[in-house]
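Chemist: Residue numbers (the working numbering): 138 to 417. A virtual CB, placed ideally from N, CA and C, is assigned to each residue, including glycine. Below: one structure in structure tokens.
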């Protein structure tokens, strides 16, 4: 039976978590997250201890904001310069004339695993559940978790003019543009829910969406939610998957037709399925 719990974080604030042990309980928990604003976004973590923070800020030693900004700018320029021999569907990777093109390159970097300020989410709850349990160890020593986000409420907390997830070419997304950018005279502080560019089959299959973090600011989404009290934690909730149930949940998902190739519609996904099917 699903068990509702309150997970204490800091300063007396808390993020609500519900512990589940079956796929059926997971679906029930998802349905209980009522959202008057529209869709809910989901993100699966194979370990509960993993924070909601993008790859470029996952460092053992946190660097100062100005150093993080310089690091991002250097990495973006290096990717631009060295990706020129590769064709990205006709895009001219040598040019930064169009800021939209810089966004395109950022989503390409994310797709290929370069550290960015993007945090992947999905509009599909079962996709997030697959990421959480398929990525867990065979004998998990830690609970997994699926995070749930109300993107409309989340954006509205950061800016009252943002009542919906933004497209990257909308005015409000300017301060979050990839570095270097002409928009950086405007400071951003709150992670922004955005619809990304569907420039790969993976994003389409995973029903991918994104939260883009402000340049140089490595505060996690959990910390942001807590510091904004009841309103912040109402926009971000979690479903915890008990470690002893992860293997069974994964087995049920495979019976329902989900597999690594469901998440990665390419040779990477096929190879992962073959390794599982043949005992590797």
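For the beta strand (DSSP E) containing residue 395, name the first residue and the last one.
Modeler: From DSSP, residue 395 is part of no beta strand (DSSP E); its letter is neither H nor E.
Chemist: Keeping to the same chain, check which residues put their C-beta closer than 8 angstroms to that of residue 368; ignore five residues upstream and five downstream.
Modeler: The residues are 290 and 294.
Chemist: Rounded to the nearest angstrom, how far is the Cβ of residue 259 from that of residue 344, given a contact under 8 angstroms?
Modeler: Confirmed, Cβ separation roughly 5 angstroms.
Chemist: Three-state secondary structure (DSSP) at residue 265?
Modeler: If DSSP states are grouped into helix, strand and coil, residue 265 belongs with the helices.
Chemist: For residue 303 and residue 415, I'd like the C-alpha separation in whole angstroms.
Modeler: Using only the alpha carbons, I get a separation of about 43 angstroms.
Chemist: Who are the near neighbours of residue 354 in its chain, counting only those whose CB is closer than 7 angstroms to its CB and skipping five residues on each side?
Modeler: Here the set comprises 202 and 326.
Chemist: Would residue 181 and residue 283 qualify as a contact pair, given that the criterion is a beta-carbon distance under 7 angstroms?
Modeler: Yes, the pair counts as a contact, with Cβ atoms nearer than the cut-off.
Chemist: Taking just the CA atoms, how far does residue 403 sit from residue 229?
Modeler: Confidence is the limiting factor: at residue 229 the pLDDT is only 49, short of 50, which leaves the residue's position unreliable, though a coordinate-based value still follows. Answer to the nearest angstrom: the Cα atoms are 25 angstroms apart.
Chemist: Whose C-beta lies closer than 7 angstroms to the C-beta of residue 163 among residues of the same chain, with five residues either side of it excluded?
Modeler: Correct list, in chain order: 157, 266 and 376.
Chemist: With 16 as the cutoff for other CB atoms within 10 Å, does residue 121 come out buried or exposed?
Modeler: Shown here, the chain extends from 138 to 417; a query on residue 121 therefore has no answer.
Chemist: Using 7 angstroms as the threshold, is the C-beta distance between residue 281 and residue 183 below it?
Modeler: Going by C-beta atoms, residue 281 is nearer than 7 angstroms to residue 183.
Chemist: What are the start and end residues of the alpha helix (DSSP H) that includes residue 409?
Modeler: That run of the alpha helix (DSSP H) goes 404-414.
Chemist: To which residues does DSSP link residue 344 through a beta bridge?
Modeler: Bridge partners of residue 344: none, in fact.
Chemist: Terminal residues of the continuous alpha helix (DSSP H) containing residue 246?
Modeler: Looking at the DSSP string, the run of the alpha helix (DSSP H) that includes residue 246 is 236-248.
Chemist: Taking all protein chains shown into account, do 16 or more other C-beta atoms lie within 10 angstroms of the C-beta of residue 292, making it buried, or fewer, making it exposed?
Modeler: Buried, by the Cβ-count rule.
Chemist: Taking Cβ positions, are residue 239 and residue 315 nearer each other than 7 angstroms?
Modeler: Closer than 7 angstroms, so yes.
Chemist: Go ahead and pull the three-state DSSP assignment for residue 153.
Modeler: Here residue 153 sits in strand by DSSP.
Chemist: Using a 10 Å radius around the Cβ and a threshold of 16 neighbouring Cβ atoms, would you call residue 393 buried or exposed?
Modeler: Residue 393 is exposed by the Cβ-count criterion.
Chemist: Which residues mark the beginning and the end of the alpha helix (DSSP H) in which residue 221 is found?
Modeler: Segment: none, residue 221 is in no alpha helix (DSSP H) and carries neither H nor E.
Chemist: Between which two residues does the beta strand (DSSP E) containing residue 283 stretch?
Modeler: Element bounds for residue 283: 281-286.
Chemist: What residues are listed by DSSP as bridge partners for residue 257?
Modeler: Answer is 347, bridged to residue 257.
Chemist: Can you give me the Cβ contacts of residue 420 inside the same chain, cut-off strictly under 6 angstroms, excluding the 5 residues immediately before and after it?
Modeler: Because residue 420 is not part of the residues shown, which for the chain are 138 to 417, the question remains open.
Chemist: Give every residue of the same chain whose Cβ lies closer than 8 angstroms to the Cβ of residue 357, excluding the five residues on either side of it in the sequence, and list them in chain order.
Modeler: Cβ neighbours of residue 357 beyond the five flanking positions: 188, 189 and 190.
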